[in-house]
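Read the sequence shown against the numbering used here and you will find it ends at 202, with the numbers running on by one and no gaps. All residues carry an ideal CB built from backbone N, CA and C; glycine is no exception.
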Amino acid sequence: KILNSRQDGADMRIEPAFRSPEEVLEGWMASRLGGTCFSLTHCLYTLLRHCGFQAWRVLGDMRHGRNIHCAVVVRLTGESYLCDAGYLIPAPLEIAPAGRSELAGPVYRYTLAADSGGPDCFSLFTVSFSGSERWRYRIRNRPVDDESFAHYWKKSFSAPMNDQLLLGRNDGKSQVYVHKAHLRFTTAAGKSSRNVKKSVG
């Protein structure tokens with residue numbers, strides 16, 4: 002997204018086009034590329050619908066903005082599950098209408114709990130290996146129509162992250178996180194960090 006918002010290395014920002022599900026899948030298969038939450042969510046939503054699942058896109062709030070995150074909710078065996086490819090949740094996480102649900106991952110334990118924002122609002126927390134709990138985002142389990150989804154997707158191109166390197170990957174045993182020049186590896190045993198600029202060259 003950062004590269005696509007600059008034309009021929011120019012300083013002037015341009016508005017890049019949305020990445021289609023085909024482009025996201027082709028990028029993954031050819032070069033193991035990922036995407037931002039909007040392109041990944043739309044890709045997953047399209048695939049699930051194509052395969053016959055009942056699924057819808059939802060919007061979420063994070064500390065740095067409202068409707069700045071998104072995910073997919075899918076209906077399975079009468080229950081709803083949060084599927085968030087953009088936040089590295091390793092498996093579908095049940096949305097329990099009146100309580101909490103948990104999912105144990107290799108690095109974090111994920112907790113989804115109903116909150117005070119309304120009957121369809123749920124907050125996601127991660128619990129680290131040390132036991133510390135951290136609020137990550139709030140979702141509203143309301144289907145988002147195409148026009149609204151496109152509006153917030155377009156708005157995301159002007160987010161501060163478009164001027165910063167921001168990467169994340171979960172390989173099943175550890176989580177790799179890169180922000181600007183900061184590189185962090187997190188496993189069940191702990192964290193290790195280093196400055197990328199200082200370690201290159």
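Could you have a look at F123 and say whether DSSP puts it in helix, strand or coil? Residue mapping note: residue 123 aligns to position 122 of the sequence shown, counting from 1. F123: strand per DSSP, three-state reduction.
As assigned by DSSP and simplified to three states, the class of V25: Counting from one through the sequence shown, the residue named residue 25 turns up at place 24. Reduced to three states, the DSSP call for V25 is helix.
Report the residue from Y138, P107, G132 and S129 whose alpha carbon sits nearest the alpha carbon of A114. As a first step, residue 114 is located in the sequence shown; it is residue number 113 there, counting from the start. Answer by Cα proximity: Y138.
Contact check, P91 vs P107, beta carbons under 9 Å: Taking the first residue of the sequence shown as 1, we reach residue 91 at position 90. Taking the first residue of the sequence shown as 1, we reach residue 107 at position 106. Cβ distance < 9 Å, so P91 and P107 count as in contact.
Distance between A190 and C44 (C-alpha atoms, nearest Å): Residue 44 sits at position 43 when you count from the first residue of the sequence shown. Residue 190 sits at position 189 when you count from the first residue of the sequence shown. The C-alpha of A190 is placed about 33 Å away from the C-alpha of C44.
For C52, does the count of other Cβ atoms within 10 angstroms reach 16, so buried, or fall short, so exposed? On the sequence shown, residue 52 is found 51 positions in, with the first residue counted as 1. C52 counts as exposed, since fewer than 16 other C-beta atoms from the protein chains shown sit within 10 angstroms of its C-beta.
How far does the beta strand (DSSP E) with H65 in it reach, from first residue to last? As a working mapping, residue 65 is identified with position 64 in the sequence shown. Where H65 is concerned, there is no enclosing beta strand (DSSP E), given that its DSSP letter is neither H nor E.
Under 9 Å between the Cβ atoms of T42 and A72? Within the sequence shown, the letter at position 41 stands for residue 42. Within the sequence shown, the letter at position 71 stands for residue 72. The answer is yes: Cβ separation under 9 Å.
Cβ atoms of R170 and L89: under 9 Å apart, would you say? Against the sequence shown, residue 89 aligns to sequence position 88. Against the sequence shown, residue 170 aligns to sequence position 169. Yes.
What's the gap between the Cα of A18 and the Cα of G61? Here residue 18 corresponds to residue number 17 of the sequence shown, with the count starting at 1. Here residue 61 corresponds to residue number 60 of the sequence shown, with the count starting at 1. Taking the CA atoms as reference points, A18 sits about 22 Å from G61.
8 Å Cβ shell around R50 - same chain, five flanking residues per side excluded: The residue you call residue 50 lines up with position 49 of the sequence shown. Within the same chain, and ignoring the five residues on either side of R50 in sequence, the residues whose Cβ sits closer than 8 Å to its Cβ are A56.
So the candidates are I96, A182 and R101; which of them puts its Cα closest to the Cα of T78? Position 77 of the sequence shown, counted from the start, is the residue given in the question as residue 78. Closest by alpha carbon: I96.
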